[in-house]
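Adding 20 to a residue's 1-based position in the sequence shown gives its number in my numbering. Each residue gets a CB set at the ideal place from its N, CA and C atoms; glycine is no exception. Written below as structure tokens is the structure these notes are about.
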Amino acid sequence: MTTAAFQDASTTTSPDATSVAPGQAPERVNLLGMSRAQLEAFFLSIGEKKFRAAQLMKWMHHEGCDDFAAMTNLSKALREKLARLAEVRGPSVVYEGASKDGTRKWVLEVEDGSYVETVLIPADNGKRRTLCVSSQVGCSLDCSFCSTGKQGFQRNLTAAEIIGQVWVASRSDVPRNDSRQRPVTNVVMMGMGEPLLNYDNVVPAMHLMLEDDGYGLSKRRVTLSTSGVVPKIDKLSDDIDVSLAISLHAANDELRNELVPLNRKYNIATLLDACRRYLDKSPENRQVTVEYTLIAGVNDQQEHATELAEVLEGLPCKINLIPFNPFPHSGYETPSRNQCVRFQRWLDELGYTAPIRMARGDDIDAACGQLVGRVKDRTKRQARYIQSVQLDAN
Numbered sequence: 021m022t023t024a025a026f027q028d029a030s031t032t033t034s035p036d037a038t039s040v041a042p043g044q045a046p047e048r049v050n051l052l053g054m055s056r057a058q059l060e061a062f063f064l065s066i067g068e069k070k071f072r073a074a075q076l077m078k079w080m081h082h083e084g085c086d087d088f089a090a091m092t093n094l095s096k097a098l099r100e101k102l103a104r105l106a107e108v109r110g111p112s113v114v115y116e117g118a119s120k121d122g123t124r125k126w127v128l129e130v131e132d133g134s135y136v137e138t139v140l141i142p143a144d145n146g147k148r149r150t151l152c153v154s155s156q157v158g159c160s161l162d163c164s165f166c167s168t169g170k171q172g173f174q175r176n177l178t179a180a181e182i183i184g185q186v187w188v189a190s191r192s193d194v195p196r197n198d199s200r201q202r203p204v205t206n207v208v209m210m211g212m213g214e215p216l217l218n219y220d221n222v223v224p225a226m227h228l229m230l231e232d233d234g235y236g237l238s239k240r241r242v243t244l245s246t247s248g249v250v251p252k253i254d255k256l257s258d259d260i261d262v263s264l265a266i267s268l269h270a271a272n273d274e275l276r277n278e279l280v281p282l283n284r285k286y287n288i289a290t291l292l293d294a295c296r297r298y299l300d301k302s303p304e305n306r307q308v309t310v311e312y313t314l315i316a317g318v319n320d321q322q323e324h325a326t327e328l329a330e331v332l333e334g335l336p337c338k339i340n341l342i343p344f345n346p347f348p349h350s351g352y353e354t355p356s357r358n359q360c361v362r363f364q365r366w367l368d369e370l371g372y373t374a375p376i377r378m379a380r381g382d383d384i385d386a387a388c389g390q391l392v393g394r395v396k397d398r399t400k401r402q403a404r405y406i407q408s409v410q411l412d413a414n
């Protein structure tokens, strides 16, 4: 890649790299969210060999290092040059909390002072540590059962801000070099926001998760979850090979229109056809993960289980049942444990694997659907929601 190509790429995916007027001190370029190709172009543009990119990637992503002076396999002159021209800047940690069940949540401040949240969930006696990563400040969708959507929407996160969440979580523990003891073993793009509506930043960040000199995760251990942005599902299969999850939550369009308004644009049949096309392009036998939030009296009855089994017929999939995690004024309730088990049994009798995903980190508001952060809401959705709650109370 030429220097000009580096400049083009950094303009679109790394807004920290900006042009400078004559006489001004140059703004340092944030290298954290750059791909290998972009880093190679950066080093060429400053008169260095492109193999330095791999060295720097290992320092940033393997070692969690943000201090050029500590990068001992780089010459002193290069370290000094990098300190003048560049930086490794991840999101600032505003809050870090630990749940009684071992879940950890970080509230992170990104550019412009907004807050996003990311959650690390341990399982299998700590052998699996899944990081739930946010893709947007707030969420541009308005799913009725999700508190994140009620915060409104501000903007997309940059690639540096997305991979920065993995960087923060990885720096929080040691050792980083031992693949058997990685602080993060799995990533799910299931935090704040709709990942496929921030496609141009999410995909490069996921490439860094898979990159050997990045986080070296298996493609089976990186999952993108979408509410159903069908054209981007089709594009995703051409650009990266990761696991796919869909937020379904209902098996008929009338109910899903209410729960997931995006369904009015891309209905269930259209979404499931896109999932089949995605699997057809996959080089290996894969399944789609179907996320289904159980809401008391809304979608948790036997007829709903039967309808779900029918609509998913022929699609290689597993179903994750997620008991609704309550938030103030939602108007929804969590089904009883017995009702969740009954729904699971009905699906099992119909031939579907459907584990119940128990709430993790709900005592620190880190459970599914509870992430809120701090959003300067451009949509005014939060104000309208608060107003509607006040009207209901009166």
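For residue i, the nearest candidate out of the options (CA to CA)
{"i": "L268", "options": "E311, V250, M378, V108", "result": "E311"}
{"i": "D367", "options": "G334, T326, P343, L275", "result": "Note that residue 367 is Leu in the sequence shown, not Asp. Residue T326 is the option with its Cα nearest to L367."}
{"i": "E68", "options": "L94, G84, H82", "result": "L94"}
{"i": "L292", "options": "V308, P303, G351, V280", "result": "V308"}
{"i": "L341", "options": "K70, L328, E83, L228", "result": "L328"}
{"i": "L299", "options": "C337, Y372, N345", "result": "C337"}
{"i": "P215", "options": "A189, K239, I253, Y235", "result": "I253"}
{"i": "A164", "options": "Q321, A143, N345", "result": "At residue 164 the sequence reads Ser, which differs from the Ala that was named. Out of Q321, A143, N345, N345 has the C-alpha closest to the C-alpha of S164."}
{"i": "Q359", "options": "I260, S119, I315, K301", "result": "I315"}
{"i": "G133", "options": "S119, V113, Q58", "result": "V113"}
{"i": "G137", "options": "E116, L64, A143, K147", "result": "Rather than Gly, the amino acid found at residue 137 in this sequence is Glu. It is E116."}
Within 7 Å, strictly: CB atoms of residue i and residue j
{"i": "N218", "j": "S263", "result": "no"}
{"i": "V108", "j": "M80", "result": "yes"}
{"i": "V127", "j": "P111", "result": "no"}
{"i": "I339", "j": "A294", "result": "no"}
{"i": "T178", "j": "G351", "result": "no"}
{"i": "G184", "j": "Q174", "result": "no"}
{"i": "D317", "j": "S190", "result": "What sits at residue 317 in the sequence shown is Gly, not Asp. For G317 and S190, no; Cβs fall outside 7 Å."}
{"i": "T168", "j": "M212", "result": "yes"}
{"i": "F363", "j": "D320", "result": "yes"}
{"i": "R48", "j": "A73", "result": "no"}
{"i": "L279", "j": "A270", "result": "yes"}
{"i": "L161", "j": "L282", "result": "yes"}
Per DSSP, cross-strand counterpart(s) of residue i
{"i": "T326", "result": "Bridge partners of T326: none, in fact."}
{"i": "T150", "result": "I141, N206"}
{"i": "W126", "result": "E116, T138"}
{"i": "P343", "result": "L314"}
{"i": "R175", "result": "V157"}
{"i": "E107", "result": "N50"}
{"i": "A265", "result": "S245, T309"}
{"i": "K338", "result": "T309"}
{"i": "I376", "result": "L341"}
Distance between beta carbons of residue j and residue i, contact taken as under 8 Å
{"i": "N50", "j": "A225", "result": "In fact, because the Cβ distance is near 13 Å, the residues do not count as touching under 8 Å."}
{"i": "G236", "j": "L228", "result": "Not a contact, Cβ separation roughly 10 Å."}
{"i": "E89", "j": "R99", "result": "The question names Glu, but residue 89 in the sequence shown is Ala. With a Cβ gap of about 6 Å, A89 and R99 count as contacting."}
{"i": "R241", "j": "T205", "result": "6 Å"}
{"i": "V207", "j": "V186", "result": "6 Å"}
**Message:** Three Cβ pairs or more, each shorter than 8 Å: is that satisfied between the region 327-335 and the region 141-155?
**Reply:** Using a Cβ-Cβ distance cut-off of 8 Å, the region 327-335 and the region 141-155 are not in contact, since fewer than three pairs of beta carbons, one from each stretch, lie closer than that value.
**Message:** With three or more C-beta pairs closer than 8 Å as the rule, is the region 286-300 touching the region 247-259?
**Reply:** yes
**Prompt:** Are at least three pairs of beta-carbons, each pair with one atom in the region 114-128 and one in the region 56-72, less than 8 Å apart?
**Reply:** no
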